[in-house]
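These notes concern the structure reproduced below.
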Amino acid sequence: MKKFSLLSTRAGALFLAPATALVGVFVIVPFFWVIFVSFTNRTLLGRTAVDPDFVGLQNYFALFNPATFFTRGQFGFSLILTIQFVLLSALIGQALLGLLLAWLSQTVTPTLKSFLQTAVIAAWILPEVVIGFAWFAFLDYDNGTLNMILRGLGLPPGDWLLQQPFWVIVSFNTWRGAAFSMMLFNSAFQSIPPSYFQAADVAGATSWQKLRDIALPLIRGHVVTDLILITMWTFNVFTPFLLTHGGPSYRTEILSIYTYRIAFKDFEFGKGAAVGVVIMLINLAFALVYLRLAHKKPVEAE
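Take the sequence shown: its letter number 234 is residue 234 in full-length UniProt numbering, and every next letter is one higher.
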């Protein structure tokens, strides 16, 4: 009788079967279901909830209709707003702030480094609902901490969630997401041989010169990885909804909030699914661009 080995292909397939089934049920099937629904007029209520009609590319034509594309509250406006949100809060905010915090932590004392990392990581690991309501309380016009500080300094308070809602969600997402970039870059810096920096110190290089000429070229792969991940996360982030609900007047309705409104408030599942497919394609395009940059070989020093 043939013995059953734990190292056999059959054993490996048996161990992978539960995970494969879960991935199929909760990832692959919904993925193709959303694509199919995007070609229908499925809704939550009415006849089309039970028996939707196949409408082809009608949902996509509605999204990219030139007559309404740039109108506030429409897909085009949310797409442009989301691109701005990603550029400011992810690529410039989180990546740059995380890089600077990681570099700063390499030059301070171990005690200060631990305090800095704990404070930054706390903003990342706390539940999103808790963080969202904490920021809402911080920015409240009447009793918010920020306005109380401004009044104490003799400065006029501001209704930040009404007057500057977009910059509020940019600042919020930057503050919350910088921890991941900081941890990734901190690990990358520690992988660089200390002798490189010691030689630079002997040559009289400044901290900026060491970062620009030694650290950044050696961690380019980590930079690309960080940009890929935070771009995907920011493009799909929903937490700003807790602060502004997409308002006022759709001024903070990024694509994730727009999709939620179309699918679960207006009950237009077909159109909402079409938005989801477009978001998936945009994320795929970002990933392909970044991966292409990552595979480029750095120029060797002469």
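C-beta atoms are modelled at their ideal positions from N, C-alpha and C, and glycine is treated no differently.
- The stretch 202-226 is shown to contain whole alpha helix (DSSP H) runs of 4 or more residues at 207-210, in chain order.
- Counting the other CB atoms within 10 Å of its CB gives P165 a total of 16 or more, which places it among the buried residues.
- For N147, the enclosing alpha helix (DSSP H) covers residues T145 to G152.
- An exposed status is given to E128, since fewer than 16 other beta-carbon atoms sit within 10 Å of its beta-carbon.
- For Q163, the enclosing alpha helix (DSSP H) has its first and last residue at W160 to Q163.
- One alpha carbon belongs to N283, the other to D201, and they sit about 41 Å apart.
- With a threshold of 16 other beta carbon atoms within 10 Å, N173 meets it and is buried.
- According to DSSP, T40 shares a beta bridge with F54.
- Between S38 and A274, the CB-CB gap stays under 7 Å.
- DSSP places L45 in no alpha helix (DSSP H); its state is neither H nor E.
- Restricting attention to G144, N186 and T234, the CA atom closest to the CA of L211 is found in N186.
- I254 is classed as buried because its beta carbon has at least 16 other beta carbons within 10 Å across all chains shown.
- By the C-beta criterion, the stretch 19-37 is judged to be in contact with the stretch 265-280, since at least 3 inter-stretch pairs fall below 8 Å.
- If you draw a straight line from the Cα of T206 to the Cα of I230, it comes to about 30 Å.
- In the DSSP assignment, V108 falls outside any alpha helix (DSSP H) and carries neither an H nor an E.
- Comparing alpha-carbon positions, the option among M182, S78 and E268 lying closest to L100 turns out to be M182.
- DSSP places E268 in the strand class (E or B) of the three-state scheme.
- Contact between P240 and T259 fails: their C-beta atoms lie close to 13 Å from each other, not under 8 Å.
- With contacts defined as CB atoms closer than 7 Å, F64 and F70 fail to qualify as a contacting pair.
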